[in-house]
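Asks: My questions all concern the structure below.
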Amino acid sequence: MSFLPHAIRPVTDTPRLRFAPSPTGYLHVGGARTALFNWLYARKLGGQFLLRIEDTDKARSTDESTRAIFEGLTWLGLDWDEEVVYQGANVERHARDAHALLASGHAYRDFTSAVELAAQRAEVEAKGPGHAFRVDRAKVDLPAAEVEARLARGEPYAIRFRVPEGTTEWPDLVHGRIAFPNKDIEDFIILRSDGTPVYNLAVVSDDIAMRITVVMRGDDHISNTPKQILLYQALGAALPTFAHLPMIHGTDGKKLSKRHGATAVGDWQHEGILPSAMCNFLALLGWSPGGDLEVMMREELVARFGTEGLLKKAAVFDPKKLEWMNGQHLSRLPLGEVSARVLPALVGAGLATNEEVAARHDWMLRLVDLLRVRARTIDDIVRQAAPYLREAISYDADAVAKQWKDRAATRELLAATREVIAALATWTPEAMEGALRTLAESRGIQAGKIFQPLRVALTGLGVSPGIFEVLELLGQPRAVARIDAALRELA
RNA sequence: GGCCCCAUCGUCUAUCGGCUAGGACACAUCCCUUUCAAGGAUGGAAGACGGGUUCGAUUCCCGUUGGGGCUACCA
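Going by numbering that gives the first Met the number 0, the first sequence opens with residue 0, and the numbers climb by one from there.
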């Protein structure tokens, strides 16, 4: 053991991170990505991942959104530690912190009313571009006697932070050193005249209370950071480490929004995307393990994640690659994990009942196993599964047009095929293949000429798993019955 | 407008001064083949621009351009 500086840190000093969404809508992919990185970091280092709902904007926050956030995170498998913190429950502490800053001289009272302020701002901005309104501390920070007088009259006031001279800078885990001259930061309000806290104060107050050590969030928060650092310092609290992640854009390079189609994680859940694929895909937006590695299961993501791989550049969300990624996960995940998602979807689509799934579990697993290879989404599997789960099938028009072109000839061929199938003593792929290829030879045609019409007869579709696997899955009686049905269809 | 961040194929990215710039998605062609996938092979496709620093710049520095974010008694 050497005496490296970090070795003397207490072992209890594990990283504490949080995801702090405001419940004003569904959980979108950008938020999910931020949550994922915080979670990965905490899980990798054995720290805590906390969840805080920033619901201080009562007008926009809804319980439904909060629920959507819980559901989204749960679906993604991003479990949080400790109890959920609701920012709204801490407004008293926020106000206390604001008044402490007032008492210590780090803040002052501003008696300007909100409407008055807005009017002043409008007046300046009306002069055209280039004219930016700026609060003038000399006019707003009144002499003690004046403040006392107004206070005695019961005039309402907001509390404004007194931005000190100098430069505020921090070593960002993603960007390295970032610095802001304090002269560019306006004295900002931390407590409204109605006594409620403003965002930057609430965040800092809560992060201190929650003992957050690493603040990882979107880089749209970079310009909030100097204000927050100033608050930490004025409050006499230790600074957390900051990491600002790049944004996620839509295919047009603009900030991701509803216009880009599915942007809520719930949308992708309903489109049949697996949570592990979603996490894998999202992880690659703003982070890289280095090298050529792309497809990673959850454990590998945790094992490889690190701040060294964090990227600075905004990434474009490409749904095509997400679907490819999902196809990879569909094939590579243990069958049990895939079926755990697919089987309920089959029930949900009305193709099977929970009782049937339970009664024929192994058969169901075999079905999922055969279908998952050629699917990119759970919905793809559901769409392909119908012929195996329903008694009556419908015939796909394109498949019929292509494979049953000559109806009379097809009927005759299928009749011959039926006899071969029905006569099989052993129901194995080897037996089926041997018998069907013999039939093809005896008729002097290619085996495919038998397989294709048969596929349509058995499934009603032009595409399916290998023909012998289909036969095996259906079982001899149903296979024969399907061919009989096809013969009637062709009559 | 001011401040801040960013800049390699269409997209996600590798490269931590030596590059014939690698991989993946998408696209095209081919192979495999009972269909469709999967898999394999091949192809087209990139260092925004201008200055430095250096024996040597995609890589380091400066500027320009472009994109993004913030600029509230929103979060």
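Every residue gets a Cβ at the ideal spot worked out from N, C-alpha and C, and that includes glycine.
Counting pairs of beta carbons, one from the region 180-188 and one from the region 235-250, are three or more of them closer than 8 Å?
Replies: Flag = no, the region 180-188 and the region 235-250 do not touch.
Asks: Pair every Cβ in the region 407-416 with every Cβ in the region 465-479, then say whether three or more of these pairs are closer than 8 Å.
Replies: Short answer: they don't touch.
Asks: Grab the span of the alpha helix (DSSP H) containing L369 for me, first residue to last.
Replies: First-last of the alpha helix (DSSP H) with L369: 360-371.
Asks: Just how far apart, CA to CA, sit E53 and L310?
Replies: The straight-line gap from Cα to Cα measures roughly 27 Å.
Asks: Could you give the distance in angstroms between the alpha-carbon of R477 and the alpha-carbon of L329?
Replies: Distance between the alpha carbons of R477 and L329: 28 Å.
Asks: Buried or exposed, going by whether 16 or more other CB atoms sit within 10 Å of the CB of S494?
Replies: No statement about residue 494 is possible, as the shown extent of the chain runs from 0 to 490 and does not include it.
Asks: Does the region 211-224 touch the region 234-245, meaning 3 or more C-beta pairs lie closer than 8 Å?
Replies: They touch, by the three-pair rule.
Asks: What did DSSP end up calling R8 once you bin it into helix, strand or coil?
Replies: Because the pLDDT of R8 is 37, which lies under 50, any placement of that residue in the model is unreliable, and the number read from its coordinates should be weighed accordingly. Looking at R8 - three-state DSSP - the assignment turns out to be coil, as it is neither helix nor strand.
Asks: Excluding the 5 residues flanking L413 on each side, which residues of the same chain have their C-beta closer than 8 Å to its C-beta?
Replies: For L413, where only same-chain residues beyond five positions count, the Cβ hits under 8 Å are P452, L453, A456, I482, A485, L486, L489.
Asks: What separation, rounded to the nearest whole angstrom, lies between the Cα atoms of P9 and A88?
Replies: Low local confidence applies: a pLDDT of 42 at P9 is under 50, so the model's placement there is unreliable, with the coordinate-based value given in what follows. One C-alpha to the other measures close to 31 Å.
Asks: Mind checking which residues open and close the alpha helix (DSSP H) that includes T416?
Replies: It spans 406-422 - the alpha helix (DSSP H) in which T416 sits, taken as one unbroken run.
Asks: In whole angstroms, give me the CA-to-CA distance for A480 and L435.
Replies: C-alpha separation (whole angstroms): 18 Å.
Asks: Just to confirm my understanding: we take T13, look at its own chain, exclude 5 residues before and 5 after, and list those with CB closer than 6 Å. What are they?
Replies: Within the same chain, T13 has close Cβ partners G45, G46.
Asks: Smallest Cα separation from D340: which of P318, M363, G260?
Replies: Looking at the sequence shown, residue 340 is not Asp but Arg. Of the listed residues, the one whose Cα sits closest to R340 is M363.
Asks: Should L39 be labelled buried (16 or more other beta-carbon atoms within 10 Å of its own) or exposed?
Replies: Buried, by the Cβ-count rule.
Asks: Can you name the start and end residues of the beta strand (DSSP E) that A157 belongs to?
Replies: Start and end: 157-160.
Asks: Can you tell me whether G459 is buried or exposed? The criterion is at least 16 other CB atoms within 10 Å of its CB, across all chains shown.
Replies: Under this definition G459 is a buried residue.
Asks: Apart from the five residues just before and just after E496, which ones in its own chain have a Cβ nearer than 7 Å to its Cβ?
Replies: Here the chain has residues from 0 to 490 only, and residue 496 is not among them.
Asks: Measuring only the C-alpha atoms, how far is E63 from Y156?
Replies: Their Cα atoms are separated by approximately 34 Å.
Asks: Indicate the three-state DSSP secondary structure (helix, strand or coil) for L309 in the structure shown.
Replies: It is a strand residue.
Asks: Of the choices Q327, V202, F69, whose alpha-carbon is the least far from that of V294?
Replies: Of the listed residues, the one whose Cα sits closest to V294 is Q327.
Asks: Output yes or no for whether 9 Å exceeds the beta carbon distance between L75 and V301.
Replies: Not closer than 9 Å, so no.
Asks: Between which two residues does the beta strand (DSSP E) harbouring I387 extend?
Replies: Checking the sequence, you will find Tyr at residue 387 rather than Ile. Where Y387 is concerned, there is no enclosing beta strand (DSSP E), although the alpha helix (DSSP H) it sits in stretches over 377-388.
Asks: Relative to the alpha-carbon of K319, which residue among G290, E307, L388, G260 has its alpha-carbon at the smallest distance?
Replies: Checking every option, the nearest Cα to that of K319 belongs to G260.
Asks: Going by DSSP in three states, L3 sits in which element: helix, strand or coil?
Replies: Caution applies to L3, whose pLDDT of 30 falls short of 50 and renders its modelled position unreliable; the value that the coordinates give is listed next. Note: L3 maps to coil in three-state DSSP.
Asks: I need the DSSP call for D206, collapsed to helix, strand or coil.
Replies: The answer is helix: DSSP assigns D206 an H, G or I state.
Asks: Going by the DSSP bridge assignment, what does F179 pair with across the sheet?
Replies: Note: F179 sits in a beta bridge opposite T167.
Asks: Among residues of its own chain, excluding the 5 on either side of L141, which ones have a beta-carbon nearer than 6 Å to its beta-carbon?
Replies: Same-chain partners within the cutoff: there are none.
Asks: Sorted by chain position, which residues of the same chain lie with C-beta nearer than 8 Å to R375's C-beta, five sequence neighbours on each side aside?
Replies: Same-chain partners within the cutoff: E322, W323, N325, G326, L329.
Asks: From G24 to T61, what distance separates their C-alpha atoms?
Replies: Each residue's Cα considered, the two are about 8 Å apart.
Asks: When the Cα atoms are used, what is the spatial distance from A313 to A113?
Replies: Near 36 Å, if we compare the C-alpha coordinates of A113 and A313.
Asks: Helix, strand or coil: which one does DSSP assign to A263?
Replies: Looking at A263 - three-state DSSP - the assignment turns out to be strand.
Asks: If you compare alpha carbons, which of R120, T73, R152 is closest to F110?
Replies: Of the listed residues, the one whose Cα sits closest to F110 is R152.
Asks: Look up G217 in the DSSP assignment and give the residues it is bridged to.
Replies: DSSP, once it has assigned bridges, lists L244 as partnering G217.
Asks: Is L190 closer than 9 Å to H98 when the C-beta atoms are compared?
Replies: Contact: yes.
Asks: Restricting to Cα atoms, I'd like to know which of F160, V213, G194 is closest to V173.
Replies: Cα-wise, what sits closest to V173 is V213.
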